[in-house]
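Quick notes on the structure that follows.
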Amino acid sequence: MSDVKDFFVSVRPTWCVGCGDYGIWNAVKMALAGLDLKPHQVMFVSGIGCGSKLPDYTRANGYLSIHGRPLPVATGIKLANHSLKVIAVHGDGDGYGIGGNHFMHAMRRNIDIVDILQNNQIYGLTKGQYSPTSDRGFITTTSPEGAIEVAVNPLALALAASATFVSRSFAGDPKHLADTIMKAINHRGYALVDALQPCVTFNRLNTYDWYRQRVYKVEDEPGYDPTDRMKAFAKALEWGERIPIGVIYQAEGKPTYEDQVPALRAGPLVKQPMVSPRFAEEFEALKDTFV
Amino acid sequence: MSVNYMTFIIGGEAGQGVESSGAGFAKALARGGLHVFGLPDYRSRIRGGHNFFQIRVNTRPLYSHGGPAHLLLALTEEAVLRHREDIPAGGGVLYDPELAVDAGWLKAKGILACPVPLGKIVKSAAGTRAMVNTAALGAATGLTGYDFSKVAGVIEDNFRRKGQDVVDLNLKIAQAALDYVRTTFASSFDYRLEPVSGPPRMVVNGNQAFCLGALAAGCKFVAAYPMTPSTTIIEFMSARAAPYGLVTKHTEDEIAAICMAIGAGHAGVRAMASTSGGGFSLMVEALGLAGMTEIPVVIVEAQRPGPSTGLATRTEQGDLLFLLHASQGEFPRIVLAPGTVEQCYEAGIRAFNLAERYQTPAIVVSDEFLAGAIRSVEKEAFDLSAATIDRGQILSDAELDALPGPYRRYQFTGSGISPRALPGHPKAVYSATSDEHDEEGHITEEADIRARMVEKRMRKLEAARQEMGAPETYGSPEADITFLAWGSTYGPLREAVDVLNCGGRKANLVHLVDIWPFPGEKVMAALSRSKCIVDVESNYSGQMASLLRMHTGIEVNARILKYDGRAHSPDYILAHLPGEVK
Chain V
1 MSDVKDFFVS VRPTWCVGCG DYGIWNAVKM ALAGLDLKPH QVMFVSGIGC GSKLPDYTRA
61 NGYLSIHGRP LPVATGIKLA NHSLKVIAVH GDGDGYGIGG NHFMHAMRRN IDIVDILQNN
121 QIYGLTKGQY SPTSDRGFIT TTSPEGAIEV AVNPLALALA ASATFVSRSF AGDPKHLADT
181 IMKAINHRGY ALVDALQPCV TFNRLNTYDW YRQRVYKVED EPGYDPTDRM KAFAKALEWG
241 ERIPIGVIYQ AEGKPTYEDQ VPALRAGPLV KQPMVSPRFA EEFEALKDTF V
Chain W
292 MSVNYMTFII GGEAGQGVES SGAGFAKALA RGGLHVFGLP DYRSRIRGGH NFFQIRVNTR
352 PLYSHGGPAH LLLALTEEAV LRHREDIPAG GGVLYDPELA VDAGWLKAKG ILACPVPLGK
412 IVKSAAGTRA MVNTAALGAA TGLTGYDFSK VAGVIEDNFR RKGQDVVDLN LKIAQAALDY
472 VRTTFASSFD YRLEPVSGPP RMVVNGNQAF CLGALAAGCK FVAAYPMTPS TTIIEFMSAR
532 AAPYGLVTKH TEDEIAAICM AIGAGHAGVR AMASTSGGGF SLMVEALGLA GMTEIPVVIV
592 EAQRPGPSTG LATRTEQGDL LFLLHASQGE FPRIVLAPGT VEQCYEAGIR AFNLAERYQT
652 PAIVVSDEFL AGAIRSVEKE AFDLSAATID RGQILSDAEL DALPGPYRRY QFTGSGISPR
712 ALPGHPKAVY SATSDEHDEE GHITEEADIR ARMVEKRMRK LEAARQEMGA PETYGSPEAD
772 ITFLAWGSTY GPLREAVDVL NCGGRKANLV HLVDIWPFPG EKVMAALSRS KCIVDVESNY
832 SGQMASLLRM HTGIEVNARI LKYDGRAHSP DYILAHLPGE VK
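Each protein sequence line maps, in turn, to chains V and W. Numbered by our numbering, the letters in the first sequence go through residues 1 to 291 in order. Numbered by our numbering, the letters in the second sequence go through residues 292 to 873 in order.
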């Protein structure tokens, strides 16, 4: 069995005391240990932002890429070696803002990666500007009169973009978050985990208490059926006084992107020979098509 | 009477099959042992407008387009008006008499007017409108007296997928047009074509040649967003993905294309992204990511005229300095600029070897001219036995198992190259980080480590510089005039040098394929005896001349620069020789 300690490194996080990133970090390690995964079997891919430093603080394969781009990097890694459990981990600015285009397309391609969005509704590392998920009217250094745009609804977007696993959890409940991440890892296909997290330094509105007063678990709701996409849409549209967390939607048994790529039927690309034994013969035949 | 020395132009609207029929005829000529060079010229539209395909034919190897057009196959009236001035006396124009062509104008210039009822021939055979170009090919075959079996063979190959009925119908139409022309005009046309003996030759363009190299190099992953003139690369590779075990991905944008290629490269497969300048502009930040995290990735940039959308279907060499300097910060990169289809094949192999050996991005830069122009070359030019795969320093599972301490991905080494370990092995666990990092890959802001990491990365550049090839010198060693060039201008300049040397002048060409790291000493040696250096580039500012001065102090004597979106040709270069060497 693996243990959360297997994922420890000597480097200490630079996050503020009380940051929601700690809860997400702990939940991720609990989920990996809970699924008996080993550090070399997992590949974290992050972008830029406070939370994107998570791979640096976690013993596992990691790639800390650039702002907004972890999903295409993760997609390339997965297509080259689909034996790795690939987990993208990045913030709301990274994933829903600058990387929004990749978000939409990763979902509809149903590539088998877990996408953990550390959603604190603010830009933390650049010291407090409003983010795509900031509520309308939110006052920050770049929205002194209050944010004019309506907030992105990640869950509804995900459902619209044919994501096959749509979930939300809360950094203040690491056990629920770990449980949700385990379900996401076990899901075959793209899996969104929108992880609500307070930014204790720059977001004085969406605090631990603010979230605690609002979140409720769909698992506890009698009769909630996460396979019903229309009901999931209704659930995804809930935001404000009550915020649903848990697995909002899951469609099992859908083929993943990599299932449908002929070249990957022979196993992970990186394990295949660089040129096939019959390559010389095939190459001559290919040349002849130009004659 | 001229035999096996002529130039055709097929001209018509977009959608009339100008390019496919031009390429088909070129192949038929190559099958007859003849050398061909073909230049497609098309507009950024799907229907209408004016497209043309120029094909030169010779018994000797050809390297460029240019010169007069001895036979025009005009599918529209506009084709006649646009090209009739290019036709010398004794040349001819094939056209459907239903087009309003001023035959009197042609006759007055000594040009043979050949009205052939192409439309009626197609109609009476119950063919479709698209088969008019098949009729035109048959007519051209008849007029030049060429062996119809060669043309018929290409028609069969091209239409076999559509069924024997379609093959037979096209053959019938081509034969009918040929018969009409032979009985009506053939004896009065001065330009003849006939098969000669020769080895089987491939008819290939630069993008195809590069793809052959990438396949030979074991490239397994190709990501791209369609952009002219690079699109045919991802199309070529996608068509062969299943049989060759490749993963190809048409991505949501060029940023995703390079990021996916970087991810695949990081995971351990040979990966590339293909694009043009606009797409490369989007890739720039990720290029630096590959440099910082030391990941091998190949980028092909087929240039077109910029800035911005520019001329979407035309050619330019305006991106050289951009490619050398793109991205914030400093890191090693490799830039290769092949000039011929043979060099495109070689660059396709070398780029992957260099990228892996130095664990850094390698860029292959071509342009619309090189990417799309076709040339006949011997099959031996694509020699697989010369394609060695060198993956550089990658730790094997056994070497990783035997590591005494933790694996240090970014270990300080004398060469700057730190042995890679591919993710998936228990000892190979580390993070690659776009932030500055220590030897294990962890984020650091320590001044000392930062400085040493910069030096480590840049040592790779110096090591790579040593293996950059010298420029090729073509022509007279003791030349009075030395053309300096890079990339696609090789062909037109080679022919211009031949013309000058045949005319009693002493000229040569110094041509760079290996651009970066700039092989300054080798370039200085190549230019050490040059008396007058004339820089020839398809851009406004003479970017190679600037690079030369920056790295060697050598100032060129003159420049011939072209930025109208059309490729340099031998005629253009010779007509624009600077005063001091005229």
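Beta carbons are placed, not taken as given, at the ideal position from N, Cα and C, and that holds for glycine.
(message) Going by C-alpha to C-alpha distance, which of R12/V, A74/V, G223/V and L159/V sits closest to M104/V?
(response) Sequence index remark: in the first sequence, residue 104/V carries index 104 (1-based). Ranking the options by Cα distance to M104/V, first place goes to L159/V.
Notebook entry, point to check: Using the C-alpha atoms, what's the distance from V152/V back to N203/V?
Noted result: Translated into positions along the first sequence, residue 203/V becomes position 203. Translated into positions along the first sequence, residue 152/V becomes position 152. Rounded to the nearest angstrom, the two C-alpha atoms are 17 Å apart.
Closer than 8 Å, Cβ to any Cβ of chain W: which residues of the region 263-275 of chain V, in chain order? A263, L264, A266, L269, V270, Q272, M274 and V275
Following the continuous alpha helix (DSSP H) through A191/V, name the residue where it begins and the one where it ends. On the first sequence, residue 191/V is found 191 positions in, with the first residue counted as 1. That residue, A191/V, is in no alpha helix (DSSP H); its beta strand (DSSP E) goes A191 to L196.
As assigned by DSSP and simplified to three states, the class of L686/W: Counting from one through the second sequence, the residue named residue 686/W turns up at place 395. Three-state DSSP puts L686/W in coil, outside helix and strand.
Check: Closest by CA to D544/W, which one among V788/W, A552/W and A417/W?
Finding: The sequence position of residue 544/W within the second sequence is 253, counting from 1. Checked all of V788/W, A552/W and A417/W; the closest Cα to D544/W is A552/W.
* To do: Report the three-state DSSP secondary structure of V801/W (helix, strand or coil).
  => The residue given as residue 801/W occupies position 510 in the second sequence. Strand at V801/W.
(request) Report yes if the C-beta distance between L364/W and Q307/W is below 8 Å; otherwise report no. (result) As a first step, residue 364/W is located in the second sequence; it is residue number 73 there, counting from the start. As a first step, residue 307/W is located in the second sequence; it is residue number 16 there, counting from the start. Their beta carbons are not under 8 Å apart, which means L364/W does not touch Q307/W by this criterion.
Q.
Residues of the region 544-574 of chain W in Cβ contact with chain V at a cutoff of 9 Å, in chain order, please.
A. D544, I546, A547, A548, I549, C550, M551, A552, I553, G554, A555, G556, H557, A558, G559, V560, R561 and A562
Query raised in the report: What is the residue span of the alpha helix (DSSP H) that A653/W lies within?
Result: Reading the second sequence from its first residue, position 362 is the one you call residue 653/W. It is not in any alpha helix (DSSP H) - A653/W instead sits in the beta strand (DSSP E) that spans P652 to D658.
Using a C-beta to C-beta distance shorter than 7 Å, which residues of chain V count as neighbours of F673/W? Here residue 673/W corresponds to residue number 382 of the second sequence, with the count starting at 1. Here the neighbours are K287.
ask   = Closest by CA to D288/V, which one among N461/W, A653/W and R492/W?
value = In the first sequence, the residue the question calls residue 288/V occupies position 288. Minimum Cα distance to D288/V is reached at R492/W.
**Prompt:** For I685/W, does the count of other Cβ atoms within 10 angstroms reach 16, so buried, or fall short, so exposed?
**Reply:** Here residue 685/W is taken as the residue at index 394 of the second sequence, counted from 1. Label assigned to I685/W: exposed.
> I think M841/W touches S725/W, with their Cβ atoms under 8 Å apart; what is that distance to the nearest whole Å?
Replying inline: Translated into the one-based positions of the second sequence, residue 841/W becomes position 550. Translated into the one-based positions of the second sequence, residue 725/W becomes position 434. Their Cβ separation, rounded to whole angstroms, is 29 Å, which puts M841/W and S725/W out of contact at 8 Å.
Beta-carbon of S65/V versus every beta-carbon of chain W: anything under 8 Å? Here residue 65/V corresponds to residue number 65 of the first sequence, with the count starting at 1. Answer yes: the Cβ-Cβ gap between S65/V and chain W drops below 8 Å somewhere.
Is any beta-carbon of chain W found at less than 8 Å from that of F297/V? Residue 297/V is absent from the structure shown; chain V starts at 1 and stops at 291.
- Could you spell out the range, first to last residue, of the beta strand (DSSP E) harbouring Q250/V? On the first sequence, residue 250/V is found 250 positions in, with the first residue counted as 1. Start and end: I243 to Q250.
*What are the start and end residues of each continuous alpha helix (DSSP H) run of 4 or more residues lying completely inside the region 35-113 of chain V, in chain order?*
70-80 and 100-109
Margin query: Let me check understanding here. Comparing Cα to Cα, which of G340/W, Q345/W and A305/W lies closest to A664/W?
Written below: Position 373 of the second sequence holds residue 664/W. Nearest C-alpha to A664/W: Q345/W.
**Asked** In the DSSP assignment, what residue or residues form a beta bridge with L362/W?
**Response** Working through the second sequence from its first residue, we reach residue 362/W at position 71. Paired residues: F299/W and G383/W.
Kindly indicate which residue of R373/W, Y386/W and W807/W has the alpha-carbon position closest to the one of L645/W. Counted from its first residue, the second sequence places residue 645/W at position 354. The shortest C-alpha separation from L645/W is found at W807/W.
- Message: Using a Cβ-Cβ cutoff of less than 7 Å, which residues in the same chain neighbour E258/V once the five nearest sequence positions on both sides are dropped?
- Response: Numbered from 1 along the first sequence, position 258 holds the residue referred to as residue 258/V. Excluding positions up to five away in sequence, the list reads K78, L79, H82, I111, D112 and L264.
### Message
For A515/W, tell me which candidate among G504/W, F571/W, A558/W and A467/W has the shortest Cα-Cα distance.
### Response
Within the second sequence, residue 515/W is the residue found at index 224, counting from 1. Per the Cα distances, F571/W.
Notebook entry, point to check: Could you give the uninterrupted runs of the alpha helix (DSSP H) lying entirely in the region 667-755 of chain W, keeping only those of 4 residues or more?
Noted result: 688-692
7 Å CB neighbourhood of I48/V in its chain, flanking five on each side removed: As a position in the first sequence, residue 48/V is number 48, starting the count at 1. Only I66, H67 and D94 meet the Cβ criterion.
Count the other CB atoms, across all protein chains shown, that sit within 10 Å of the CB of M292/W; report buried if there are 16 or more and exposed otherwise.
Here residue 292/W corresponds to residue number 1 of the second sequence, with the count starting at 1. Flag for M292/W reads exposed.
Q) If we cut at 8 Å on Cβ distances, does D244/V have a partner in chain W? A) Taking the first residue of the first sequence as 1, we reach residue 244/V at position 244. Checking the sequence shown, residue 244/V turns out to be Pro, not Asp. Judged by the 8 Å Cβ criterion, P244/V is not in contact with chain W.
Own chain, CB closer than 8 Å to A317/W, minus 5 neighbours either side, in chain order | Locating residue 317/W in the second sequence gives position 26, where the first residue counts as 1. Closer than 8 Å at Cβ, skipping near neighbours: V327, G329, I346, V494, I665 and S667.
- Message: Can you list, in chain order, the residues of its chain with a C-beta nearer than 8 Å to that of F297/V? Leave out the 5 residues immediately preceding and following it.
- Response: Outside the displayed range of chain V (1 to 291) lies residue 297/V, so it cannot be described from this structure.
Following the continuous beta strand (DSSP E) through I772/W, name the residue where it begins and the one where it ends.
-> Here residue 772/W corresponds to residue number 481 of the second sequence, with the count starting at 1. Taken as a continuous stretch (DSSP letters only), the beta strand (DSSP E) holding I772/W covers I772 to W777.
Practice task
Could you run through the region 141-160 of chain V and flag, in chain order, every residue whose CB is less than 9 Å away from some CB of chain W?
Solution key: none
Sequence-distant residues of its chain with Cβ nearer than 7 Å to N461/W (five each side left out)
What you label residue 461/W is simply residue 170 of the second sequence in a count that begins at 1. Correct list, in chain order: M422, T425, I446 and F450.
- Query: Within the chosen definition, does the region 501-517 of chain W reach the region 341-361 of chain W through at least 3 CB pairs nearer than 8 Å?
  - Reply: no
Beta-carbon of N61/V versus every beta-carbon of chain W: anything under 8 Å? Residue 61/V sits at position 61 when you count from the first residue of the first sequence. Output row for N61/V: interface = yes.
Start and end residues, alpha helix (DSSP H) containing E219/V:
For this step, residue 219/V is matched to residue 219 along the first sequence. Per DSSP, E219/V belongs to no alpha helix (DSSP H) and is neither H nor E.
Point to revise | Residue range of the unbroken alpha helix (DSSP H) whose run includes T522/W | key: Within the second sequence, residue 522/W is the residue found at index 231, counting from 1. Note, T522/W: alpha helix (DSSP H), T522 to A530.
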